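Q:
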Amino acid sequence: MNQPPTPQGQSQMQVHVELPPDLEAIYTNFAMIGHTPSEVIIDFVRILPGNPRAKVQTRVLMTPMNAKLLLKALTENLDRFEAQFGPIVIPQGGNVAEQLFHPPQPPK
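For any residue, its number in the numbering used here is found by taking its place in the sequence shown, counting from 1, and adding 51.
#1: Less than 8 Å between the beta carbons of Glu133 and Ile139, yes or no?
#2: Can you tell me which residues form a DSSP beta bridge with Ile92?
#3: Would you kindly work out how many angstroms separate the C-alpha atoms of Leu74 and Arg97, rounded to a whole number?
#4: Name the one or two DSSP bridge partners that Arg97 has.
#5: Where does Val91 land, buried or exposed, given buried means 16+ other C-beta within 10 angstroms?
#6: Which residue from Ala124, Lys123, Arg131, Arg110 puts its Cα closest to that of His86?
#7: Under a three-way DSSP split, which group does Thr126 fall into?
#8: Look up Gln65 in the DSSP assignment and say whether it is helix, strand or coil.
#9: Between the C-alpha atoms of Gly101 and Asn117, what's the straight-line distance to the nearest angstrom?
#10: Only counting the same chain, and skipping five residues up and downstream in sequence, which positions put a Cβ closer than 6 Å to that of Ile77?
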């Protein structure tokens, strides 16, 4: 995530992020986003075909400023992804399950 600007006259601290070797990656294919005046809540969910129940895999809480910085970082990374691999096609119409479990068809 991008660092917020450093106020004038202050030096920027270098942060070393540790990725634990036993960290489990969680797959999700849906997110629910809500907010309060002081925080943004993102619930990452996994929806499986044919199953009417979906389980929240992870809940992330962050400040609105950090959520905005995350949005900026995602936008920059997806722009680079599309520049390298081509546009990401988002299906139009239908319901969420159809969009999630039926890949978009190439244009005719």
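Just so it is clear, CB atoms sit at the ideal spot from N, CA and C, and this is done for glycine as well.
This one's a predicted model, so the numbers in the text were calculated from it and none came from an experiment.
A: From the atom records:
#1: yes
#2: Gly85, Leu112
#3: 18 Å
#4: Per DSSP, Lys106.
#5: buried
#6: Arg110
#7: helix
#8: For Gln65, the three-state secondary structure derived from DSSP is coil.
#9: One Cα belongs to Gly101, the other to Asn117, and the distance between them is close to 36 Å.
#10: The answer, listed in chain order, is Gln108, Thr109.
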